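Counted from 1, the sequence shown has number 117 at position 117 by full-length UniProt numbering; the numbering is strictly sequential. All C-beta atoms in this analysis are idealised placements derived from N, C-alpha and C, irrespective of residue type, glycine included. Just so you know, these numbers come straight off a predicted model, no measurement behind them. For reference, the structure is listed below as structure tokens.
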Amino acid sequence: MVEIKTDAALDAMREAGRVVARALDAARRTAAVGMRLRELDETAREVLREAGARSPFLGYRPHFAPTPFPAVICVSVNDAIVHGVPGDYRLRDGDVVGVDCGAELDGWTADAAVTFVVGTPRTGDVELIDTTRRALDAGIAAATVGNRIGDISAAIDAVARDAGYGMPRDFGGHGIGRRMHEDPPVPNHGRPGRGYPLRHGLALAIEPMFIAGGRDGYLTGADGWTLHTTDGSRAAHMEHTIAITEDGPRVLTLL
Numbered sequence: 001m002v003e004i005k006t007d008a009a010l011d012a013m014r015e016a017g018r019v020v021a022r023a024l025d026a027a028r029r030t031a032a033v034g035m036r037l038r039e040l041d042e043t044a045r046e047v048l049r050e051a052g053a054r055s056p057f058l059g060y061r062p063h064f065a066p067t068p069f070p071a072v073i074c075v076s077v078n079d080a081i082v083h084g085v086p087g088d089y090r091l092r093d094g095d096v097v098g099v100d101c102g103a104e105l106d107g108w109t110a111d112a113a114v115t116f117v118v119g120t121p122r123t124g125d126v127e128l129i130d131t132t133r134r135a136l137d138a139g140i141a142a143a144t145v146g147n148r149i150g151d152i153s154a155a156i157d158a159v160a161r162d163a164g165y166g167m168p169r170d171f172g173g174h175g176i177g178r179r180m181h182e183d184p185p186v187p188n189h190g191r192p193g194r195g196y197p198l199r200h201g202l203a204l205a206i207e208p209m210f211i212a213g214g215r216d217g218y219l220t221g222a223d224g225w226t227l228h229t230t231d232g233s234r235a236a237h238m239e240h241t242i243a244i245t246e247d248g249p250r251v252l253t254l255l
């Protein structure tokens, strides 16, 4: 069931979105060569704790997961696409790092992700990240009243294909609000003019995930959570929670 939010609810989601944005910013600013991934998780935990927010990630267990998720952020490095579990791995110069974070505040949820390079980027990494960000922007631009979910999907898909990147077909964006994952799904592949109609008050998490090697397949890691590229190529993930409004898309997870 799709819930259309009131303007007051969207304002409350915006407050949750500010917490997410602060947590992602803190993780990015503190990420450095030699830092363990679990230290990034500790940084994000402190931001959520100070805000009085709950993590929708911690303890989350979807149908595909063998265990509940043990952290408040996902940290996906290099060939990890999404859902990376932050452990004892120490960041190295040139690592591509994707951080995904959610927050629930006063009963409303927001979710966002960012990808960046620690230290000196390798050839192609900046282009991969910038193109994934451009796809997110394209998806958001298509999120207007009168369009449909397929218009968002097609906008993201076009950027990926023009750049020669792959995307994991089974994973994409989603509705969001009282819970982190709600209807409708927001695939990163699709045809314009198809799918659920976009109305004022609809809240969505839009999240392109691009694979540099160009293949759409993925492998699930030994932890049962982390998705890896099949060819070892690098990946990037960008996400914002947005609201459809009569005045255009409203991004709820900005600082």
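Asked	Found
Look at the Cβ atom of residue 294, then the Cβ atom of ASP111, and state whether they are nearer than 9 angstroms.	A question about residue 294 goes unanswered here, because the residues of the chain that appear run from 1 up to 255.
What distance in whole Å lies between the Cβ atoms of ALA235 and ASP79, which are believed to be in contact at a cut-off of 8 angstroms?	7 angstroms
Would you verify that the beta carbon of LEU10 is, or is not, closer than 9 angstroms to some beta carbon of chain B?	The structure shown contains no chain B; it is built from a single protein chain.
Which full runs of the alpha helix (DSSP H) of 4+ residues lie inside the region 141-178, going along the chain?	149-163
Classify PHE64 as buried or exposed, calling it buried when 16 or more other Cβ atoms lie within 10 Å of its own Cβ.	exposed
For GLY102 and GLY173, what's the separation of their Cα atoms in angstroms?	13 angstroms
Considering only DSSP beta bridges, list what PHE210 is partnered with.	ALA236
Can you tell me where the alpha helix (DSSP H) holding VAL47 begins and where it ends?	37-51
Are there 16 or more other CB atoms within 10 angstroms of the CB of PRO68, so buried, or fewer, so exposed?	exposed
Of the choices ALA8, PRO184, ASP223 and ILE152, whose alpha-carbon is the least far from that of HIS83?	ASP223
Assuming the contact rule is C-beta atoms closer than 8 angstroms, GLY164 and GLY94 should be a hit. Round their C-beta distance to whole Å, please.	Contact flag wrong, Cβ pair sits at about 22 angstroms.
Would you check if the region 114-124 and the region 171-187 touch, i.e. whether three or more CB-CB distances between them fall below 8 angstroms?	no
Closest to HIS189 by C-alpha separation, out of ALA212, ALA160 and ARG199, would be which residue?	ALA160
Take GLY107 and list the residues in its own chain whose beta-carbon comes closer than 8 angstroms to its own, dropping the five residues that flank it on each side.	ALA12 and ARG178
Please return the same chain residues whose Cβ sits closer than 6 angstroms to the Cβ of ARG36, not counting the five positions on each side in sequence.	ASP88 and ARG90
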